[in-house]
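Student: Quick one: this structure, given as structure tokens, is what I'll be asking you about.
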């Protein structure tokens, strides 16, 4: 869909170019919501829109579907083309706008790191436009999304959070058990650790894996020699959760192989003899900074306990490195927890725990930071640094280019050309896996589809930008005039930019304004000048005096002002005054009064001349030749 800066829907994108009849202004924003968040191809998806790569992209789900059938989507390309002059507007090459265009993922509705619908905004640099539809601007939402946008330059991407494969949640999955992840988060910086548990019997002493001992799998064993017994696995729940580096509600008691008391030694010799047993945890993804929490039930330990950790335990990683950093914690129910830590931060893809026969051993969980979570943090930090650099350069540099056809920059709001038809191409691919389960319950992969197989399905979406108005607007005072002036998008007039005006300086009725104080107009958006420029207009502040008549701005009938009487003609009275002065011979009578009259007329003429802005009329009065 197409929206404005207030997050109001203007019109919808159409798949048929003939239906793109409802135009929008060139500053419209393209909104692409994804119900299923796609993975992003870091190599091609951000070629024209760098912001598609992030930061802020909601991570894709690990899988969509079930264990038997699941799939994921990947965003391959997002391209905008001008196809106005193309004969075939669906498949024609078109002309992409010059430069790179703005794009930004919107902050999730349920806070940073949430799992809401992912929304990609094209042609805009704002990541919180949806807050404009809220009365309080998002103040009541968790996570304070406005603060997240305001503190972008000082933002720090947290370290990857560890995840756990939890034994208490284990389910049988032939062969062995599956330890599911907890927590399960859509945030890629939160590790998702899964493990497969297998039980084995060892025919000789302790040795390093994989070539240290002769292994005999107990997951699929059907018959044991008479000298041994196998205790099946069981899930044990604690009366109250225990804090062992994280909260655990219980543990998985692994299968335990024991020697039957009183059994003849020759029975064990005939079968080759089992000296120890092993629990092997195979991780679906390598982890770093690994942790393992084991639980020993309150039973007597075997008499012959080989040297090693507590209760004769030995822990190795898949590469043969032994874990020797361990500590024990006494639990309220009489059990003992053994917390083992990896000796280094290297990747671990498997963990083997070797313990004596007859010892029951539980798995509370195995945790660490997955490789994918660490890679997500590195990528997010790289993208964040790139965005901060672009915004700092934009703030320090000149304003965005205004002329039509200029080179666009991804850190500036994108203003398209007016009166053009644009096509948006969104290309995506998918990957999936189909599995089957045999009679024994074992799940095997039957078919697998990779992103590179097949073509890239591409959706073509069209929209049109508005031209300069050529017809007369609604008359002032008409019912539709205000809606046309404030909301119409199908055509453009310069006076319609009033919808972006926020205020001006000086404010109405401001006092004590100095002559050199600045005059400013404030707009709700910073791209108003660029929008006016693509239509050939320039934004300026006009000043008009109101203390005297000026040019009429609105041609409306006005009442004619009353005519002023003609000025007194002093010249016609002078002969009479001279005659009276000679008749009476009184230089101080009428003559003196005539002189005073002339001086008064001169003062009135001077005052009127100042008001009318022309030469004072008193200069044309003759001087009386009085004796």
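In our numbering, the protein residues as written are 31 to 657. Note that CB positions come from ideal geometry on N, CA and C, so glycine has one too.
(1) Where does residue 572 land, buried or exposed, given buried means 16+ other C-beta within 10 angstroms?
(2) Assuming residue 111 and residue 453 are in contact, meaning their beta carbons sit under 8 Å apart, how far apart are those beta carbons, in whole angstroms?
(3) Just the C-alpha distance for residue 397 and residue 137, rounded to the nearest angstrom, thanks.
(4) Using only alpha-carbon positions, find the residue among 364, 383, 318 and 182 that is nearest to residue 374.
(5) Write down the C-beta distance between residue 308 and residue 230 rounded to the nearest angstrom, noting that I regard them as a contact closer than 8 Å.
(6) Would you mind working out which of 201, 79 and 369 sits nearest residue 274, comparing C-alpha positions?
(7) Residue ranges of each alpha helix (DSSP H) run of no fewer than 4 residues wholly in the region 254-279, ordered along the chain?
(8) Looking at the structure shown, is residue 321 part of a helix, part of a strand, or coil, going by DSSP?
(9) Considering Cα atoms alone, identify which of 97, 421, 492 and 473 is closest to residue 124.
(10) With a CB to CB cut of under 8 Å and the five nearest residues on each side skipped, what residues in its chain are close to residue 181?
(11) Considering only residues of the region 101-153, which uninterrupted beta strand (DSSP E) runs meet the minimum length of 3 residues and lie entirely inside it, listed in chain order?
(12) When you compare only the Cα positions, how much space is there between residue 194 and residue 224?
(13) For residue 463, report the span of its beta strand (DSSP E) as first-last.
(14) Report the option in 228, 50, 191 and 269 whose CA atom is closest to the CA atom of residue 248.
(15) So, helix, strand or coil for residue 530, using DSSP?
(16) Can you tell me whether DSSP reads residue 37 as helix, strand or coil?
(17) Beta-carbon separation of residue 304 and residue 387 under 8 Å?
(18) Residue range of the alpha helix (DSSP H) that residue 414 falls in?
(19) Under 8 Å by Cβ, that's how I've got residue 438 and residue 130 pegged, so tell me the actual separation to the nearest angstrom.
(20) Can the beta-carbon of residue 45 be found closer than 8 Å to that of residue 490?
(21) Any chance the region 258-265 sits against the region 341-353, with 3 or more Cβ pairs inside 8 Å?
(22) If you count every other CB in all the chains shown that lies within 10 Å of the CB of residue 264, and 16 or more means buried, which is it?
(23) With respect to 7 Å, is the separation between the Cβ of residue 137 and the closest non-hydrogen atom of the ligand MG below this value?
(24) Considering only the beta carbon of each residue, do residue 557 and residue 57 sit closer than 8 Å?
(25) Within the same chain, show all residues whose beta-carbon is closer than 8 Å to that of residue 641, passing over the 5 residues directly before and after it, in chain order.
(26) Tell me the rounded alpha-carbon separation between residue 128 and residue 416.
(27) With a cut-off of 8 Å, do at least 3 Cβ pairs link the region 558-566 to the region 535-544?
(28) What did DSSP end up calling residue 307 once you bin it into helix, strand or coil?
(29) Beta-carbon separation of residue 50 and residue 494 under 8 Å?
(30) Could you give the first and the last residue of the continuous alpha helix (DSSP H) run that contains residue 561?
(31) With DSSP collapsed to three states, give me the class of residue 540.
(32) Please check the pair residue 21 and residue 219, which I expect to be a contact at CB under 8 Å, by giving their CB distance rounded to whole angstroms.
(33) Cutting at 6 Å between CB atoms, please list the residues of its own chain near residue 460, excluding the five before and the five after it.
(34) Using a threshold of 8 Å, state whether the C-beta atoms of residue 515 and residue 497 are closer than that.
(35) I need the boundaries of the beta strand (DSSP E) containing residue 523, first residue and last residue.
(36) When the Cα atoms are used, what is the spatial distance from residue 401 to residue 315?
Tutor: Taking the structure as given:
(1) exposed
(2) 5 Å
(3) 30 Å
(4) 318
(5) Between residue 230 and residue 308 the Cβ distance is about 4 Å, and since that is below 8 Å, they are a contact.
(6) 369
(7) none
(8) strand
(9) 492
(10) If the five residues before and after residue 181 are omitted, its C-beta is found closer than 8 Å to no C-beta atom of its own chain.
(11) Segments of the beta strand (DSSP E) lying fully in the region 101-153: 133-135 and 148-152.
(12) 7 Å
(13) 451-467
(14) 228
(15) helix
(16) coil
(17) yes
(18) 401-426
(19) Between residue 438 and residue 130 a beta carbon distance of about 6 Å is seen, short of the 8 Å cut, so the two are scored as contacting.
(20) Yes, the Cβ-Cβ distance between residue 45 and residue 490 is below 8 Å.
(21) The answer is no - the region 341-353 does not touch the region 258-265, with fewer than three Cβ pairs under 8 Å.
(22) exposed
(23) The ligand MG is not part of this structure, which contains no ligands at all.
(24) yes
(25) Residue placement at residue 641 is poorly supported in this model, since its pLDDT is 49, which falls under 50; the coordinates still yield a value, given next. Nothing meets the Cβ criterion.
(26) 21 Å
(27) no
(28) strand
(29) yes
(30) 558-564
(31) coil
(32) Any question about residue 21 goes unanswered here, given that the chain covers just 31 to 657.
(33) 101 and 103
(34) no
(35) That residue, residue 523, is in no beta strand (DSSP E); it is neither H nor E in DSSP.
(36) 7 Å
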